[in-house]
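For reference, the structure discussed in these notes is given below.
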Amino acid sequence: MIRTPAITTQAPAVRFATGRYSESGLGRLKRSPAKVLRGGRHQGVLTILAAAFLAATFLDGVHLLQLPFAENPANVLGTLLALVFISTRIPGGRLWAGPGRFFWVFIVVTAVLEVGRLFADSQGVGVSSLRSYAQYAQTFLLYLIFFDLCRSARTVKMLAITFVVSTILMSLIANLGLGGLVGASALSRSSELERVGVLGMNLNQQGFLYAAAVTGVTCWSIARWPRPGVWGWALMAGAASMVLALLRTGSRGGLLVLVAGLAVALMLTFRSRRWSAYILLVPVALYGIGHAVMSSELIQTRLEQAMYQGRLGARDVLAREGGIMFLERPVTGWGCVAYTEELGERVGRDRIASHNTYLQIALSFGFMGFLPWLLGVGATVNRLWKYRTHFWGTLMLAVLIALLVAAVPGNFGYNKYFWMILAVAGAMPLDPPTTGGRLGSRVRGALKQPASLANQASSQHGRCL
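Spelled out as structure tokens, the structure:
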């Protein structure tokens with residue numbers, strides 16, 4: 054099949070102030086039928102599998118079988134998704150494009166480094182290091198899958214809905230204690246306070262997911278104000294549930310990510326000139342979040358421990374020792390496993406990760422791996438920055454910046470959510486930025502559409518997300 058070049062339709066622009074949404078208006082995602090993509094006959098199946106896999110990642114606490122690739126629903130669906138993708142899309146997929154090319158360089162260079170360490174191994178850690186590196190290979194394959202699929206607007210829309218709904222459901226389970234799926238851990242031996250979250254997922258990661266989802270819902274709510282509709286009010290209620298669940302996790306990093314995400318979202322959407330949202334919605338939302346934070350004894354205790362007692366979970370010590378280690382081996386790094394053993398020995402632990410994504414990549418692979426990885430992340434951010442006058446560009450930029458803030462206290466080197474969001478941000482088909490550069494003056498919120506459908510686009514109207 055000959056690939057049809059993608060062009061953008063020229064539908065009339067709509068001012069935000071009207072509160073209406075046309076086909077090219079705020080939040081409108083035009084459909085890109087699967088048949089226009091190479092191997093597109095499998096697009097629908099892969100999209101459903103990708104959405105099911107994304108939802109299943111929230112169920113890591115559910116154990117199925119003690120077999121490889123069958124421990125939990127996410128493993129089963131992820132394996133099936135990978136097999137279908139490799140057999141149907143790899144032969145003709147457009148996988149060397151945009152920010153993805155930097156991540157290709159990253160995975161090839163780091164693979165060569167790890168294989169070289171295996172042959173040069175003299176301490177017996179080569180095999181374990183290669184096994185640990187396999188997690189990077191798995192998440193890179195996940196990146197390729199989502200990068201390829203998210204060239205379709207329909208896939209982007211379905212994945213966005215799946216992520217937000219799954220996160221809201223997780224918050225409801227955590228807040229209501231449903232089904233025995235909620236666990237708690239004591240803040241300290243001398244404290245009766247407990248950090249509460251859903252079983253099977255790290256509490257800090259839950260906080261990061263809540264913060265990312267609330268950031269996205271905030272952008273969407275401002276864009277739809279003052280006519281959010283029934284689903285809009287439901288999303289706002291879900292955002293309130295997620296904020297409460299975030300506070301119950303006691304995650305200081307999650308709270309920091311929430312503040313950063315909301316700050317970026319409010320700055321980027323300020324140009325929308327939706328003054329009623331900034332007069333009515335935003336102050337009420339900020340007051341509610343601030344009141345909830347100040348009323349949370351758990352969060353206040355955790356913040357006091359950080360500010361007055363310097364208790365940062367040893368992250369300051371890890372950052373200092375990790376920086377020294379990086380200067381000792383700046384070119385090729387220490388390796389996926391060797392760096393954790395060396396870092397643990399220096400801080401008096403058996404084995405410990407860096408608890409900083411940037412340091413994690415730098416210590417594992419040195420400049421040879423860190424540079425292409427950083428270029429890939431930077432290219433993704435730069436792409437969204439160019440489309441910041443587009444609603445979906447604004448939303449994804451706010452979420453991605455929040456995620457990059459979350460990467461400071463987290464280990465996201467092979468985190469599936471980190472790579473999935475990078476893939477969506479790097480591949481989603483957006484219109485060229487508006488010439489005026491003002492989000493609020495004109496809106497061209499449609500996604501790119503194949504030329505074969507350009508003549509039909511002006512007559513098709515659908516519901517907004």
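In the working numbering, the protein residues as written are 54 to 518.
Cβ coordinates follow ideal geometry from the N, Cα and C atoms, glycine included.
What separation, rounded to the nearest whole angstrom, lies between the Cα atoms of residue i and residue j?
| i | j | result |
| --- | --- | --- |
| T447 | V209 | 15 Å |
| L428 | V477 | 17 Å |
| R301 | I143 | 43 Å |
| N468 | W387 | 20 Å |
| G366 | S140 | 44 Å |
| G493 | L222 | Here the model assigns G493 a pLDDT of 39, short of 50, so the residue's position is not dependable and the matter cannot be decided. |
| I403 | E395 | It is worth fixing the name first, because residue 403 is Asp in this sequence and not Ile. Using only the alpha carbons, I get a separation of about 9 Å. |
| A164 | F156 | 12 Å |
| R326 | L297 | 29 Å |
| T442 | L483 | 11 Å |
| L518 | A173 | Caution is warranted here: a pLDDT of 36 is assigned to L518, below 50, making its placement in the model unreliable, and no coordinate value can be reported. |
| V310 | A105 | 26 Å |
| Q258 | F465 | 10 Å |
| L333 | V384 | 53 Å |
| A187 | E247 | 35 Å |
| L118 | L252 | 18 Å |
| A213 | E381 | 42 Å |
| R184 | R280 | 52 Å |
| F159 | F261 | 25 Å |
| T354 | L299 | 15 Å |
| L231 | M254 | 16 Å |
| N228 | L171 | 47 Å |
| V168 | M211 | 38 Å |
| F111 | N125 | 10 Å |
| F379 | G97 | 45 Å |
| W21 | A460 | The chain is shown from 54 up to 518; residue 21 falls before or after that span and cannot be answered. |
Would you kindly report the start and end of the unbroken beta strand (DSSP E) that includes residue i?
| i | result |
| --- | --- |
| V162 | First-last for V162: 153-172, but that is the alpha helix (DSSP H), not the beta strand (DSSP E). |
| G250 | 247-251 |
So residue i packs on residue j, CB below 8 Å; how close in whole Å?
| i | j | result |
| --- | --- | --- |
| V317 | A451 | 5 Å |
| V400 | E374 | 6 Å |
| G151 | G431 | About 12 Å separates the two Cβ atoms, so there is no contact after all. |
| I405 | L371 | 7 Å |
Tell me whether residue i is buried or exposed, calling it buried when 16 or more other Cβ atoms sit within 10 Å of its Cβ.
| i | result |
| --- | --- |
| I377 | exposed |
| M320 | exposed |
| H344 | exposed |
| G114 | exposed |
| Y361 | exposed |
| W426 | buried |
| A265 | buried |
| S349 | buried |
| V283 | exposed |
| A123 | exposed |
| A292 | buried |
| P462 | buried |
| N435 | exposed |
| I101 | exposed |
| E398 | exposed |
Among the options, which has the Cα closest to the Cα of residue i?
| i | options | result |
| --- | --- | --- |
| L194 | L225, V180, V137 | V137 |
| S274 | A264, A287, E167, D369 | A287 |
| L99 | L202, N409, P121, T192 | L202 |
| L197 | G153, W328, N228 | G153 |
| A313 | L453, L118, A330, F379 | L453 |
| G250 | G307, L334, G341 | G307 |
| V217 | T393, N257, L333, M295 | M295 |
| S181 | F465, G479, T393 | T393 |
| D369 | L333, I352, A391, H408 | H408 |
| T433 | L234, L457, T410 | L457 |
| V161 | F418, G230, Q119 | F418 |
| C272 | Y331, M347, L256 | Y331 |
| L107 | L130, L339, H95, G236 | L130 |
| W149 | A109, F200, I101, A103 | F200 |
| F444 | L412, G431, F420, F323 | F323 |
| W328 | S304, Q353, W278, A359 | W278 |
| S304 | A406, L256, Q413, A460 | L256 |
| M421 | Y263, L166, Y340, T192 | L166 |
| I342 | T268, R207, Y189, L225 | T268 |
Which residue comes first and which comes last in the alpha helix (DSSP H) that contains residue i?
| i | result |
| --- | --- |
| Y361 | 350-361 |
| I377 | 368-381 |
| Y263 | 256-277 |
| I226 | 206-229 |
| G303 | From DSSP, G303 is part of no alpha helix (DSSP H); its letter is neither H nor E. |
| Q96 | 96-109 |
| Q413 | 410-439 |
| A460 | Careful: A460 lies outside any alpha helix (DSSP H) and carries neither H nor E. |
| R364 | From DSSP, R364 is part of no alpha helix (DSSP H); its letter is neither H nor E. |
| W472 | 469-480 |
| S140 | 126-141 |
| Y331 | Premise fails: Y331 is in no alpha helix (DSSP H) and is neither H nor E. |
| R399 | 391-399 |
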